[in-house]
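Asker: Okay, here's the structure, questions in a sec.
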Amino acid sequence: MNYNEVLTRLVYLTKRNNISQTEIGEAINVERRAINGRAERNSKFKQSEIEKIESSFDVDLSVVSIADNSGERQNDTSVEEKSLLFGKRLSSLQAKHNFLDREMAILLNLSEKDYIKLITGKIKPDSDILNRIKQNFKISIDYMLYGE
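Residue 0 is where the sequence shown starts when you use numbering that gives the first Met the number 0, and the numbers rise one by one after that.
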């Protein structure tokens, strides 16, 4: 991951837009001039450095996917497929945490019947449901919707 990607993800995850090069340099024990040079060259970080940055800022940089919006529109036939894939991802998240349907419904503030409809694609997730998933499981909404 290069410097700009790390900085963009840190800003997003920490909700701070004033993260300095010095802070990042201190996290990986690099002098101010060295981190300044890395920023100018947009150098890549080693995995060990990324882990130090994550620890220092108390974030997981891998949960965020920053994508360029190409402006490309999805065709209408893919919308139905996306609902089914969302349900599969939600089911796998449920299985990973060993939750029952009832427990997932409670976490998402839904009835058990509505939760089952959600994972089978009969109803589509609204912003409240997506936000509850994000809050309870620390997972990106983009991943849940698009697998990215």
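Even for Gly, the Cβ is constructed at its ideal location relative to N, Cα and C.
Going by beta-carbon coordinates alone, are residue 5 and residue 89 separated by less than 8 Å?
Answerer: It is not a contact, given that the beta carbons lie outside the stated cut-off.
Asker: Give me whichever residues DSSP pairs with residue 1 in a beta bridge.
Answerer: Partner(s): 43.
Asker: For the segment 91-147, which segments carrying the alpha helix (DSSP H) assignment without a break, of at least 4 residues, lie completely within its bounds, in sequence order?
Answerer: 100-106, 111-119, 126-136, 140-145, all fully within the segment 91-147.
Asker: Could you check whether residue 122 and residue 133 sit closer than 8 Å to each other, using their CB atoms as the reference points?
Answerer: No. Outside cutoff.
Asker: So, is residue 32 buried or exposed, given that buried needs 16 or more other C-beta atoms within 10 angstroms?
Answerer: Burial call: exposed.
Asker: Let's see if you can read the secondary structure: which residues bound the alpha helix (DSSP H) around residue 23?
Answerer: Segment 20-26, the alpha helix (DSSP H) holding residue 23.
Asker: By how many angstroms is the C-alpha of residue 28 removed from the C-alpha of residue 144?
Answerer: Roughly 38 Å separates the two Cα atoms.
Asker: Any chance the segment 19-26 sits against the segment 45-56, with 3 or more Cβ pairs inside 8 Å?
Answerer: Segments in contact, yes.
Asker: Taking 6 Å as the limit between beta carbons, can you name the residues of its chain near residue 101, skipping five residues before and five after?
Answerer: 111, listed in sequence order.
Asker: Select from 3, 7, 129, 91 the residue whose C-alpha is nearest the C-alpha of residue 36.
Answerer: It is 3 whose Cα lies nearest to the Cα of residue 36.
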